[in-house]
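Everything on this sheet refers to the single structure shown next.
Numbering (our numbering), first residue to last: 1 to 66.
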């Protein structure tokens with residue numbers, strides 16, 4: 001438990017922090033997240049791919065002299 005604050009003062013601070021949070025149902029949070037993902041899917045390079053011309057991680061072409 002070393003490094004973790006404890007005691008009444010810490011408990012009061014933690015409860016004050018938690019009291020200020022806005023709660024939301026998990027089902028509503030999941031629906032919001034799904035909607036966000038659907039709205040932004042066309043901008044996600046993991047879904048749409050990256051063109052080889054703009055991909056900084058593409059394999060470099062080898063130049064060799066014969």
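Every residue, glycine too, gets a C-beta built ideally from N, C-alpha and C.
Residue i by DSSP, collapsed to three states: which one?
i: residue 45; result: helix
i: residue 50; result: coil
i: residue 62; result: coil
i: residue 34; result: helix
i: residue 40; result: helix
i: residue 27; result: helix
i: residue 56; result: coil
i: residue 21; result: coil
Enumerate in chain order the residues of its own chain whose CB-to-CB distance from residue i is below 7 Å, with the five nearest sequence positions on each side excluded.
i: residue 62; result: none
i: residue 47; result: 41
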